[in-house]
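FYI, the numbering for the sequence shown is 546 to 745, going by the working numbering.
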Amino acid sequence: MPKLLIATSNQGKIKELEALLKKLDVELLTPTQMNLQLTVEEDGKTYQENAAKKALAYSRESGWLTLADDSGLEVDALNGAPGLHSARYAPKANATDADRRRYLLENLKPKPRPWSAHFHATIAIATPQGQVYFAEGNCYGEILPEERGENGFGYDPIFYFPEAQKTMAELSSAEKNRISHRAAAVKNALHVLRPLLSAG
Ligand code: ITT
């Protein structure tokens, strides 16, 4: 069976990507399973640059076809922040997801509602030969002033998805995996992934 390394240290992403890639005939590898601990500096100016950096670093190190995800939350009233910096968006060191949600709400407080926003995901697929392919996905909604729901990760408890009338954290994982930015990006990546895996 062909193998695909998922180049992320974010457990929430791993869980979602495992479910989203289940229909492919592929054995998924994780950095932990492979004892890979790489530090990739995410200093790119775009999601593509950061996703490519992660995918190429892990692919080079492991020798396997590798998929990385660079994603973020873009809030219109904050001119697209936290965006590329979503994972590091909080003034204090060692901040948690909860700290980042609190900080975002503090910054939004003076702004008039509704606080429209979208999640973005860029997936990069790197081959051991060093080629990189990209796929993108978005999910549109609104930031709520208080948290709702226990599922998901990151900004999910404050991201309201109007079509379901629920926050991302109130959706089941199966529901989130039907509508999320990551689901859309994976869907767009399949036409590249399938031939790469069967050529593998
Ligand atoms: P890797 O780089 O190891 O993949 P990371 O968490 O640092 O893990 P990113 O640099 O891509 O990944 O940062 C994405 C951040 O955007 C993530 O940490 C969350 O804060 C937020 N985010 C992305 N997708 C999300 C989702 O589906 N739900 C909630 N928050 C999300």
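Backbone N, C-alpha and C fix where the C-beta goes; we use that ideal spot for every residue, glycine too. In this text, all values refer to a predicted model and were calculated from it rather than measured experimentally.
heavy atom of the ligand ITT below 7 Å from residue i C-beta
i           : result
residue 632 : yes
residue 692 : no
residue 713 : yes
residue 588 : no
residue 555 : yes
residue 700 : yes
Nearest candidate by alpha-carbon position, reference residue i, set the options
i           : options            : result
residue 559 : 643, 739, 728      : 728
residue 633 : 668, 587, 652, 657 : 587
residue 684 : 725, 651, 614, 547 : 725
residue 620 : 629, 614, 563      : 629
residue 811 : 574, 686, 564, 557 : Any question about residue 811 goes unanswered here, given that the chain covers just 546 to 745.
Rounded straight-line distance, which links the Cα of residue j to that of residue i
i           : j           : result
residue 698 : residue 566 : 19 Å
residue 711 : residue 662 : 15 Å
residue 666 : residue 708 : 20 Å
residue 568 : residue 732 : 11 Å
residue 744 : residue 703 : 42 Å
Cβ pair residue i, residue j closer than 8 Å
i           : j           : result
residue 583 : residue 670 : no
residue 700 : residue 686 : no
residue 693 : residue 714 : yes
residue 722 : residue 552 : no
ask   = Would you call the stretch 668-679 and the stretch 638-655 in contact, with 3 or more CB pairs under 8 Å?
value = no
task = Would you be able to state if there are at least three C-beta pairs under 8 Å between the stretch 586-602 and the stretch 612-627?
result = yes
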